[in-house]
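Worksheet for the structure shown next.
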Amino acid sequence: MRLFTRVCWVVLGAVFIFSGLIKLNDPVGTAYKLEEYFEVFALDVPWAAGFFDFLKGQSRLLSIFLSSLEVMLGVALLLRWYLRQTLGVLLALLVFFGFLTFYSAAFNKVTDCGCFGDFLKLTPWASFSKDLFLLALWGVVFTNQRFLRHSFVRGTAGLMAMTVASALAIGIGVRALGHLPYFDFLPYKVGNNIAQQMKPAEAPRYRYTFERAGKTMESEAFPTDSTWKYKSMTVLNPEQSKAPITDFVVSDPEGNNITQQVLTGNKLLILIQNTNKADRDRFDQLNQLVADAAKSRKHIEVLAITSTSAGKFDAFRHEVNLAAPYAFADATVLKTMIRANPGLMALHDGTVMAKYHYHDIPKLYQVEKAL
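Heads up: the sequence shown begins at 1 in full-length UniProt numbering, then just goes up one per residue.
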């Protein structure tokens, strides 16, 4: 039992550290997921809608806090620092996450919990099962603390170790918040061709169920005997037969689909998700880059893409002196393309060659080098 307890202890601590670091890698994405939950609860619990709207406004701060807390608890557990108190906070967090995943699964509210960011997508029931598994690990560790009596750090050394772990966790998250994720797990990552990502890896394969005289038969083809009656169909390769990108559509102000034009030649896309939240302080640099790109020998076409309405964006464009043509795409698509508002994406024939946060606006030679 001693060995089993220690295995559970290591796995529980490691999962919390890994989960927290994955979320800190992309705190903006984690904030988007929190916003989804707050929007759901604001609708389902209308008497507390104001509270959830307030939390939605603090989603990025909560993203850093909760993700860092996971890392700190995982480290504290592995160091056995104030073990009983650490296990108490872990239980509260596990119950909280368990409630969220069960609610999502039972009422089909949020289809991806974001437990491991975009690194690993879990269905709601799989997420809930994962939380039950972690609760089981917690139960083993809690009931067998006698095998974990020795603390690796105590007193000042323990406090210093936890301070360093906390500072590192928060620092990782804040750095990613002000720039781009360290590791991009999204389909628009550098090196991916958007047109290829819009195609499934495989054609869908199906298994059909037929029924006759109380008997059932499964087959991947329809039987020649017409007495078998079709009952149901199951997709055998759901993940492989679904394209990673399904909603990338760009339209010009007249409503014409210009997706193919965007995916042809050298393009510098300025992605502005929401003009109300866009950082306006960087547009002097951005406008200089737009002016320089017009003189590039690489024939770089600049295009601003937004999800804001035409009239509102036109007013915004004049306010910040953005001298570039613009087009429209879905807000969720823009959030997936880049975790910055505004953000820059350099494309060569639809292949993502570089991505830039508004804190890291490049010089023209850097864009040309990427292309």
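Every residue, glycine too, gets a C-beta built ideally from N, C-alpha and C.
Limits of the alpha helix (DSSP H) - the one that residue i falls within
i	result
A42	27-44
L137	124-143
F316	310-319
E368	364-370
I361	Run containing I361: none; DSSP gives neither H nor E here.
G173	155-177
A195	194-197
Local conformation of residue i per DSSP, three classes
i	result
E218	strand
N287	helix
V89	helix
M337	helix
V235	strand
residue 380	Only positions 1 to 371 of the chain appear in the structure, and residue 380 is not among them; the question remains open.
L100	helix
F152	coil
L263	coil
T227	coil
V302	strand
residue 450	Past the edges of the chain, shown from 1 to 371, lies residue 450, and the structure says nothing about it.
L271	strand
Assumed close pair residue i, residue j - CB separation to whole angstroms, cut-off 8 Å
i	j	result
V140	C8	4 Å
V75	M160	Incorrect: roughly 12 Å between the Cβ atoms, too far for contact.
L56	F38	According to the sequence as given, residue 56 is Lys; it is not Leu. Yes, they are in contact, since the Cβ atoms of K56 and F38 sit about 4 Å apart, within 8 Å.
F133	E70	Not really, about 16 Å apart at Cβ, beyond 8 Å.
L90	W138	6 Å
P204	V235	6 Å
D247	V333	6 Å
L364	L289	6 Å
L83	L34	Not really, about 29 Å apart at Cβ, beyond 8 Å.
Close beta carbons around residue i, own chain, < 8 Å, minus the five adjacent residues each side
i	result
Q240	P200, A201, E202
S68	G20, L24, S166, A169, I170, G173
A49	A42, L43
K298	N266, E368, L371
R60	P27, V28, A31, L177
T264	D349, G350
V45	F52
A331	Q273, N274, S307
H150	R80
Boundaries of the beta strand (DSSP E) in which residue i is found, first to last residue
i	result
H211	Note that residue 211 is Glu in the sequence shown, not His. Unbroken beta strand (DSSP E) run through E211: 206-212.
K355	351-357
L66	Note, L66: premise wrong, no beta strand (DSSP E); alpha helix (DSSP H) at 59-79.
A327	326-328
Same chain, Cβ closer than 7 Å to residue i, neighbours up to 5 away in sequence not counted
i	result
A258	The displayed chain sequence assigns Ile, not Ala, to residue 258. The residues are V250, S251, D252, A327.
T101	C113, P124, S127, F128, D131
F313	T275, T306, Y326
H357	H179, L180, A340, G343
F152	L79, R80
D360	H179
S232	T209
F97	D131
D292	L364
K335	Y32, Q273
A310	P253
F222	Y208
M337	Y188, L271, M345
Residues of its chain near residue i, where Cβ-Cβ distance is below 6 Å and the 5 sequence neighbours each way are ignored
i	result
L135	L94
L77	G13, T86
G158	W81
M1	none
K295	none
E301	K267
Minimum Cβ-Cβ distance from residue i to chain C less than 8 Å
i	result
S251	Note that chain C does not occur in the displayed structure, where there is just one protein chain.
Would you call the segment 194-201 and the segment 209-221 in contact, with 3 or more CB pairs under 8 Å?
The segment 209-221 and the segment 194-201 do not touch, with fewer than three beta-carbon pairs separated by less than 8 Å.
| task | Would you check if the segment 270-281 and the segment 342-354 touch, i.e. whether three or more CB-CB distances between them fall below 8 Å? | result | Contact between the segment 342-354 and the segment 270-281 is present: three or more C-beta pairs spanning the two stretches fall below 8 Å.
- Item | Inter-stretch contact at 8 Å, needing at least 3 Cβ pairs: the segment 1-21 / the segment 130-148 | Touching, yes.
>> Closer than 8 Å is the cut-off here; do at least three beta carbon pairs connect the segment 319-335 with the segment 227-243?
In response: The segment 319-335 vs the segment 227-243: no contact.
Inspect the CB distances between the segment 351-361 and the segment 180-194 and report whether three or more fall short of 8 Å. The answer is yes - the segment 180-194 touches the segment 351-361, with three or more Cβ pairs under 8 Å.
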